[in-house]
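First residue of the sequence shown? That's 0 in numbering that gives the first Met the number 0, and the numbers climb one at a time after it.
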Amino acid sequence: MKKNKFDISKEEMAIIVGENVDRLCAVEIRPRMAASGVFPALYDATRKKYAYPLTYLAASEIIKKTKEKDHVFILTGAGCPPKYPTGESDGPPGAVALARALYLGLKLNPIIITEERNFEPIYGIANEMGMNPLLPGQSFSSRVNSLLVLDFPCGKERAKDASFKLLQKYQPSAIIAVERIGANKKGVCHSMKGLEVDANNFAYLDSLVELAREKNIFTVSVGDNGNELGCGIIFDTVQRVQPWGKVCQCPCQSGIASSSEVDILIMATVSLRSVIMAFCDSKEIPSTVGEGMPISPSTQPVLTHTSSIFSSILSVCINSISSSR
Ligand SMILES: [Zn+2]
């Protein structure tokens, strides 16, 4: 019997929504500094790796693999000195919005991991979104709308030990990277323009993701150029289509294509935009759209937010970043 198109299950609807969120995330609206016309190939290559829309898969798998009060790591922070002494605006707003959605929607305990230079913009964004970064000594149960922000040391040599200790202490159920650069096959991190990121000024979070995968912890990454964590899944495509994909502008001469892999990679034209849209589309996360950011245990939480709130968290982030430059 022919299936009634109006009689579809919640799961089918979630997949339809995911397909459309993927399409929104894949609209190539990019800053001028990014190469034009390459994104469709990056998205298509990623999509071919999976049977379902990328945003649907990430959201539904996180729901399956976590339970209330579990810790979830959110990795972010792409910019670094000398150009970005307090980070950049693509990353932190999405990381905090995701932390909020996971806290309110799934009752998870979100932990943002980044370099200390990104703390100020993250705290500012958290304040705008009604989230409360924990102070030293405080636990998740001691505050409402709590969020923990942790420093990860810069330098490759300290990364393994720091990763081991973090995983040991918090036992996260999932790790989600939001616009976080990953190293190429020579272990060198790059900007999208093919310039080397100084390893002494940058947390080598590749180690954390690698160790998590060895421990079968679920990993997701959101990237937009192919030099981010997780983009090793589409390594050949990044090398082929990105201007600095195969040969970079730095002495390593090995290209910006990240060699890091994750369980689910989401390619979006701008990472943070995708994160903000992607994680509110699930059938089980209650999602309502409305003005304001009501956070009250007696009402259904609002996980998505309006353009005015998005605009204000971007402003807070950019002002925070700009004030120190
Ligand atoms: Zn290089």
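For each residue, glycine too, the CB sits at the ideal point set by N, CA and C.
Computed from a prediction, not measured in an experiment: that's the story for all the values here.
| Check | Outcome |
| --- | --- |
| According to DSSP, residues forming a beta bridge with F334 | The structure shown does not extend to residue 334, since the chain is modelled only from 0 to 324, so the question has no answer here. |
| Range covered by the alpha helix (DSSP H) that runs through P135 | Looking at the DSSP string, P135 is not in any alpha helix (DSSP H), and its letter there is neither H nor E. |
| Secondary structure of I263, DSSP reduced to three states | strand |
| T236 and C24 closer than 9 Å at C-beta | no |
| Supposed contact pair T218 and I174 - C-beta distance, whole angstroms, cut 8 Å | 5 Å |
| Classification of P92 by the beta-carbon crowding that lies within 10 angstroms, buried from 16 upward | buried |
| Of the residues N318, V187, L264, the one placed nearest R46, counting alpha carbons only | L264 |
| For V71, three-class secondary structure by DSSP | strand |
| Segment contact flag, the stretch 192 to 199 with the stretch 237 to 248, C-beta cutoff 8 Å, min 3 pairs | yes |
| beta-carbon S253 near ligand 1 non-hydrogen atom, thresh 8 Å | yes |
| Per-residue burial, G181 [other beta carbons within 10 Å of its own, 16 or more giving buried] | buried |
| Beta-carbon proximity of I14 to M128, cut-off 9 Å | no |
| Neighbourhood of V70 by C-beta, 6 Å cutoff - its chain only, sequence neighbours within 5 removed | Reading off the sequence shown, one finds His at residue 70, where the question assumed Val. So the qualifying residues of the chain are N108, I110, Y169, P171. |
| Proximity test, H70 beta-carbon vs ligand 1 heavy atom, cut-off 8 Å | no |
| Inter-residue Cα distance where the pair is K4 and V26 | 27 Å |
| Buried or exposed by the 16-neighbour rule on C-beta atoms within 10 Å, applied to G229 | buried |
| Cβ-Cβ distance between R29 and F38 below 9 Å | yes |
| Beta-ladder partner(s) of G222, from DSSP | M266 |
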